[in-house]
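Chains as they are written, first to last, in our numbering: chain A, 2 to 131; chain G, 103 to 607.
Ideal placement from N, C-alpha and C gives every residue a C-beta, glycine not left out.
Treat the numbers as computed from the prediction; the structure is a model and nothing was measured.
Printed below as a string of structure tokens:
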């Protein structure tokens, strides 16, 4: 996906344990983003601390640390506090949405999602940051 | 000995009370009768005394009349005394016969009375009559001292005899009065004691009825009120006479069975609630599990429709869509199975069949398509008959074989063993995959648990092993997993050999 050249594309971190969905999100974001991937919460936090991205797409139900735990930890970290996060989850009851927003999510996207909606959310979150 | 019924006991006790009261009343009656008898005896003695005194008076009057006649100046001119004497003589037989009659029951007194009577008679015939005859001729001779002595002697004898009768009757009268008093006192004592005894007996009877009947009934009523309020743990002390005992026993058994049914109801309720919760969890889980493949299908379809991709990428995305759509279909089927099996609305179609033949059939089915895996079939030659639902057990074997193929690397070895151990049929499938970490072994049979398969390309619904476990346990069998990391896992299920006990869930 990344061109290998030094680029100024916004960097997106995609955290999702389902291979097909991770691929779907990356394909959807397309060439406009330079994407990094993580399949669990711990790897996500490592990558975040190594270099904070411009956008994060975060699954909730994952083995080990859940997306909500990762989000809380990020919001408690001064460096990662401002990273825009869109939570993408199959758990979408009002309680689940509220929990994600309370933990510090900027947007909540329910699975299955529309690919154009995902793309526009990603764009708007990055533009707001810039 | 059989216990008397309550009615029997009441009747028995009432009879005893009636008998005792009857005896007491009879004694009192006897005492009263004996008192009356004593009184009549006493009055008889008085009558004898009166009759004796009457005879004595007559004797004295006869003597007085005789003296009066003899001592008068001219007895011939004095017929008044003779008239008196005649009247007295006429009265004498009546007075005497009355006396005889009164003392007829007493030989001594009768003898005395007859002696006295004879003496009076002798006095009249041997003395009075001759003296009057003399006095009519010679009054002076009749007044002689000799005759006076004779008169005194004879009348003294009469009085002595009558005096004896009187003294005896007097003594008897005193004795009888004392006896009567004693009898009267006895009668009064018997009456008082009898009355008190009857009262005590009646009180005791009442107390027995109260303690033996009324109190247990009261307690039963209180207990029934408690039961009505919902306290079903209340019990009455067993025992008590006849019908009361039966009531207590019946009450306790009623309370017991009520308690048992309420506990059963509560348990059932609890189970229903759990099953409801379970169903809600399952539905929520399933709807969640459906969203992931659905998101892939919808997402890639939209991308393919909206954007241009190179042919190889198109092909890849279409394959993803295909795989995920199949996963959705499998999920729907497995979900139905889980629902059927857990809901209990599923019945096994039990029949004896050969497990070896099933192993051959299923391995042929799975390995004819998978030439990349190596099958090692370790089964005996002779049939191994189990009593089970062949289609359902084929599903179990199919799930295990498909898992083994899925998790073994290309060219990997899959070993199938069927045999018999301690009276049970054993069926095991060993893969040559990565193995399952110890902490996950318990969870592989949980619904939607897919272990590492989730992050790899291995498909599956996460329901296959859960369904397999339900089927095997419903058959009265067991299923478990043994695994070595890096070497592979062995899934083994055991079934009772035919004839198998009928097992229900």
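Cut-off 6 Å between Cβ atoms - residues of its own chain near residue 593 (chain G), not counting five sequence neighbours on either side: 502, 531, 583
Sequence-distant residues of the same chain with beta carbon closer than 7 Å to residue 237 (chain G), five excluded per side: 171, 172, 177, 244
Interface flag, residue 100 (chain A) vs chain G, CB-CB below 8 Å: no
Whole runs of the beta strand (DSSP E) within the stretch 487 to 570 of chain G, excluding any shorter than 3 residues: 487 to 490, 515 to 523, 526 to 532
The stretch 412 to 429 of chain G: positions lying closer than 7 Å to chain A by Cβ: 422, 426
Rounded C-alpha distance that separates residue 277 (chain G) from residue 193 (chain G): 32 Å
Cβ contact (3+ pairs, closer than 8 Å) linking the stretch 501 to 521 of chain G and the stretch 471 to 484 of chain G: Three or more pairs of CB atoms, one per stretch, sit closer than 8 Å, so the stretch 501 to 521 of chain G contacts the stretch 471 to 484 of chain G.
Contact the stretch 566 to 578 of chain G vs the stretch 533 to 549 of chain G: 3+ CB pairs below 8 Å: yes
Whether residue 157 (chain G) touches residue 218 (chain G) by CB criterion (8 Å): In this structure, residue 157 (chain G) places its C-beta atom within 8 Å of the C-beta atom of residue 218 (chain G).
CB contact below 8 Å: residue 113 (chain A) versus chain G: yes
Validate contact between the stretch 390 to 407 of chain G and the stretch 417 to 437 of chain G using beta carbons, cut 8 Å, 3 pairs: yes
Identity of the residue in G:468, G:467, G:461 nearest residue 485 (chain G) by Cα: Minimum Cα distance to residue 485 (chain G) is reached at G:461.
Within-8 Å CB hit, residue 547 (chain G) to chain A: no
Exposure label - residue 11 (chain A); buried when at least 16 CB within 10 Å: buried
Buried or exposed (CB count within 10 angstroms, at least 16 for buried), residue 271 (chain G): buried
Whole-number beta carbon distance between residue 133 (chain G) and residue 292 (chain G), since they are thought to touch under 8 Å: 5 Å
Proximity below 8 Å, CB of residue 132 (chain A) to CB of residue 61 (chain A): Any question about residue 132 (chain A) goes unanswered here, given that chain A covers just 2 to 131.
In DSSP terms, what residue 15 (chain A) is bridged to: Its beta-bridge partners are A:38, A:58.
Cutoff 8 Å: residue 462 (chain G) Cβ touching any chain A Cβ: no
Short-range partners of chain A found in the stretch 379 to 401 of chain G, where Cβ spacing is below 9 Å: 386, 389, 390, 391, 392, 393, 394, 395, 396, 397, 398, 399, 400, 401
Distance, residue 71 (chain A) Cα to residue 517 (chain G) Cα: 42 Å
Per-residue burial, residue 505 (chain G) [other beta carbons within 10 Å of its own, 16 or more giving buried]: buried
Simplified DSSP state of residue 596 (chain G), which is helix, strand or coil: strand
Residue 108 (chain G) versus residue 329 (chain G): straight-line alpha-carbon distance, rounded: Roughly 26 Å separates the two Cα atoms.
Environment of residue 426 (chain G) [buried if 16+ CB atoms lie within 10 Å]: buried
N- and C-terminal bounds of the beta strand (DSSP E) containing residue 90 (chain A): 86 to 90
Three-state secondary structure assigned by DSSP to residue 425 (chain G): Under the three-state reduction of DSSP output, residue 425 (chain G) falls in the helix class.
Proximity below 8 Å, CB of residue 296 (chain G) to CB of residue 153 (chain G): Taking C-beta atoms as the reference points, residue 296 (chain G) and residue 153 (chain G) fail to come closer than 8 Å.
Three-way DSSP call (helix, strand, coil) for residue 476 (chain G) in this model: strand
Residues sharing a beta bridge with residue 590 (chain G), DSSP: G:586
Distance between residue 287 (chain G) and residue 608 (chain G) (C-alpha atoms, nearest Å): This structure cannot speak to residue 608 (chain G), because chain G is shown only from 103 to 607.
Contact set between residue 404 (chain G) and chain A, taken where Cβ atoms lie within less than 8 Å: 115, 116, 117
Beta-ladder partner(s) of residue 465 (chain G), from DSSP: Residue 465 (chain G) pairs with nothing; no bridge assigned.
Under 7 Å by beta carbon: chain G residues contacting residue 91 (chain A): 390, 393, 394
is_contact[residue 19 (chain A), chain G] using C-beta, thresh 8 Å: yes
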